[in-house]
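Trainee: Take this structure first; my questions come after.
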Amino acid sequence: MSFASCSSCVVILNQQQEENVSHQKQCQDIPVQDTKNTGENCTVVENGRVVVKPSQAPKE
């Protein structure tokens, strides 16, 4: 299997990297909305994935 041009692959990768950086900058510019959830979150692993869930308040 041969590739026609490796330079075209480099160009595509550079474009994707620039898009990722641009997207990250856009996300940083978005203010974080205040949530009305006063509880804390906990991180758990389910089926090999990391999931953030709201912590359960201790029952009295």
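Each residue of the sequence shown is one higher than the one before, counting from 68 in this note's numbering. Using N, Cα and C, we set each Cβ at its ideal position, and we do this for glycine too. It should be emphasised that the depicted structure is a prediction, and the values quoted were computed from it without experimental measurement.
(1) Count the other CB atoms, across all protein chains shown, that sit within 10 Å of the CB of Met68; report buried if there are 16 or more and exposed otherwise.
(2) In terms of DSSP beta bridges, what is Glu113 paired with?
(3) Please name the residue or residues paired with Asn87 in a DSSP beta bridge.
Mentor: Once the coordinates are examined:
(1) Along the sequence shown, read from residue 1 onward, the residue named residue 68 stands at position 1. Note that Met68 scores a pLDDT of 48, beneath 50, so its modelled location is shaky and nothing firm can be said.
(2) Here residue 113 corresponds to residue number 46 of the sequence shown, with the count starting at 1. According to DSSP, which records beta bridges pairwise, Glu113 is partnered with Arg116.
(3) For the purposes of this step, residue 87 is identified with residue 20 of the sequence shown, where counting begins at 1. In the DSSP assignment, Asn87 is bridged to no other residue.
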